[in-house]
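Trainee:
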Amino acid sequence: MDLVEVIPERLHMLRFRIGQAYLWRDGADLTLIDAGHAESAAAIEDAIRSLGLRPERLERIVLTHCHRDHVGAAGELAARWGAQVLAHRLDAPVVRGERPVPEPVLLDWELPLYAHGLTVSEAPPTRVDRELSDGEVLAFGGGAVVVHSPGHTPGSIAVHLPAHGVLFTGDCVAGVGRVMLGVFNVDRAEAVASFHRLAGLSPSVACFGHGDPLTEDTAATLRAAAKATDAAATEAPEAPDAPDAPDAPDAGGSATAASGPPVTA
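Structure (structure tokens):
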């Protein structure tokens with residue numbers, strides 16, 4: 240796992256073999272946005288300690304959606320350190336293992352990327368302590384606003400920190416090679432609409448579920464990418480490198496609990 244500083248003393252990206260999570264700091268109090276795959280708990284704890292911080296100060300884990308590369312280590316970390324797990328009310332039953340992961344509608348060019356997901360570890364069903372809705376404000380980052388951004392999954396969310404100009408897009412938007420609509424969507428039209436909504440927030444920093452954070456000309460780049468998405472209905476973007484490509488469910492195509500497709504961009 241790589242630990243990458245995004246904002247000094249505030250925000251780090253934790254980059255795994257597939258996907259990534261983000262660690263936000265309010266002094267000694269910590270928030271994770273997503274939690275990596277099922278084997279990543281120890282690496283996350285080590286990363287926290289390497290920053291001179293304490294894992295027991297992990298207050299909450301906010302899940303942007305129900306896929307395994309985002310949910311994986313959440314339950315283990317929460318059990319060890321007492322953090323709350325938060326997810327949108329529509330994805331929460333999937334995270335808990337009460338409903339199957341919704342199947343994406345794949346474009347032809349997405350098929351080989353989807354197959355790459357067979358290499359990701361499944362996540363166990365994970366408790367959700369708080370179910371979120373659009374517009375809720377969470378007690379970190381000067382007031383973190385939940386932005387419902389469905390399309391990738393029904394309960395996908397972004398997390399906006401207006402006080403800091405930071406937006407965590409989840410898998411609605413990707414930064415692999417270039418800024419683009421996330422792949423493996425259950426409803427592409429809905430995902431495009433969510434992309435436009437997120438671009439309209441005009442953040443100065445955008446943190447994606449896959450790909451490097453965007454820290455320069457962010458608002459203009461997001462708006463241009465969202466507009467370009469309208470014109471590119473089914474065209475294949477430049478293919479990302481395999482290590483950064485998204486994940487998929489089990490070989491049979493069935494997905495249960497939080498072990499379904501870590502679909503992302």
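For what it's worth, this note's numbering labels the leading residue of the sequence shown as 240, then goes sequentially. Cβ coordinates follow ideal geometry from the N, Cα and C atoms, glycine included.
Determine the contact status of THR270 and ALA445, defining contact as a CB-CB distance below 9 Å.
Mentor: Here residue 270 refers to the residue found at position 31 of the sequence shown. Here residue 445 refers to the residue found at position 206 of the sequence shown. No; because the gap between Cβ atoms is not below 9 Å, this pair is not in contact.
Trainee: Measuring only the C-alpha atoms, how far is SER360 from GLY311?
Mentor: Taking the first residue of the sequence shown as position 1, residue 360 is located at position 121. Taking the first residue of the sequence shown as position 1, residue 311 is located at position 72. Answer to the nearest angstrom: the Cα atoms are 8 Å apart.
Trainee: Looking at the unbroken alpha helix (DSSP H) that takes in THR460, where does it start and where does it end?
Mentor: Indexing the sequence shown from 1 puts residue 460 at position 221. Looking at the DSSP string, the run of the alpha helix (DSSP H) that includes THR460 is 457–470.
Trainee: For the alpha helix (DSSP H) containing GLY314, name the first residue and the last one.
Mentor: Translated into positions along the sequence shown, residue 314 becomes position 75. Residues 313–320.
Trainee: Whole angstroms are fine: how far does the CA of HIS403 sit from the CA of HIS391?
Mentor: On the sequence shown, position 152 is the one that residue 391 refers to. On the sequence shown, position 164 is the one that residue 403 refers to. Cα to Cα, the separation comes out at about 26 Å.
Trainee: Indicate the three-state DSSP secondary structure (helix, strand or coil) for LEU420 in the structure shown.
Mentor: For the purposes of this step, residue 420 is identified with residue 181 of the sequence shown, where counting begins at 1. In this structure, LEU420 counts as strand in the three-state DSSP scheme.
Trainee: Round the Cβ separation of VAL324 and ARG366 to the nearest angstrom and send it over; I've been treating them as touching at under 8 Å.
Mentor: The sequence position of residue 324 within the sequence shown is 85, counting from 1. The sequence position of residue 366 within the sequence shown is 127, counting from 1. The Cβ separation is near 6 Å, so the contact holds.
Trainee: In whole angstroms, what separates the C-alpha of ALA481 from that of LEU292?
Mentor: Counting from 1 along the sequence shown, the entry for residue 481 is found at position 242. Counting from 1 along the sequence shown, the entry for residue 292 is found at position 53. Here the model assigns ALA481 a pLDDT of 39, short of 50, so the residue's position is not dependable, and the following value carries that caveat. Each residue's alpha carbon lies about 33 Å from the other.
Trainee: Going by beta-carbon coordinates alone, are HIS304 and ASP330 separated by less than 9 Å?
Mentor: Translated into positions along the sequence shown, residue 304 becomes position 65. Translated into positions along the sequence shown, residue 330 becomes position 91. Cβ distance < 9 Å, so HIS304 and ASP330 count as in contact.
Trainee: Which value, in whole angstroms, describes the spacing of the CA atoms of LEU302 and LEU453?
Mentor: Reading the sequence shown from its first residue, position 63 is the one you call residue 302. Reading the sequence shown from its first residue, position 214 is the one you call residue 453. Distance between the alpha carbons of LEU302 and LEU453: 20 Å.
Trainee: Measure the C-alpha to C-alpha separation of ASP209 and ALA463 and round it to an integer number of angstroms.
Mentor: Since the displayed the chain opens at 240 and closes at 504, residue 209 lies outside it and no answer follows.
Trainee: Please report the straight-line C-alpha distance between ARG273 and LEU253, rounded to a whole angstrom.
Mentor: On the sequence shown, residue 273 is found 34 positions in, with the first residue counted as 1. On the sequence shown, residue 253 is found 14 positions in, with the first residue counted as 1. The displayed chain sequence assigns Asp, not Arg, to residue 273. C-alpha separation (whole angstroms): 10 Å.
Trainee: So, is LEU377 buried or exposed, given that buried needs 16 or more other C-beta atoms within 10 angstroms?
Mentor: In the sequence shown, the residue the question calls residue 377 occupies position 138. The residue in question, LEU377, is buried, as its Cβ has 16 or more Cβ neighbours within 10 Å.
Trainee: I think LEU437 touches CYS411, with their Cβ atoms under 8 Å apart; what is that distance to the nearest whole Å?
Mentor: The residue given as residue 437 occupies position 198 in the sequence shown. The residue given as residue 411 occupies position 172 in the sequence shown. Right, their Cβ atoms sit about 6 Å apart.
Trainee: Measuring CA to CA, which of VAL386, PRO393 and ASN424 is closest to PHE407?
Mentor: On the sequence shown, position 168 is the one that residue 407 refers to. Nearest of VAL386, PRO393 and ASN424 to PHE407, Cα basis: VAL386.
Trainee: Identify which residue in LEU316, HIS449 and ALA286 has its Cα closest to the Cα of ILE257.
Mentor: Sequence index remark: in the sequence shown, residue 257 carries index 18 (1-based). ILE257 has its Cα closest to that of HIS449, out of LEU316, HIS449 and ALA286.
Trainee: Kindly indicate which three-state DSSP category HIS251 falls into: helix, strand or coil?
Mentor: By 1-based counting over the sequence shown, the position of residue 251 is 12. Strand at HIS251.
Trainee: Taking its Cβ as the centre, do 16 or more other Cβ atoms sit within 10 Å of GLY414, making it buried, or is it exposed?
Mentor: In the sequence shown, residue 414 corresponds to position 175, counting from 1. Label assigned to GLY414: buried.
Trainee: Mapping the DSSP letters down to three states, classify ALA295 as helix, strand or coil.
Mentor: Along the sequence shown, one-based indexing puts residue 295 at 56. It is Glu, not Ala, that sits at residue 295 in the sequence shown. Three-state DSSP puts GLU295 in a helix.
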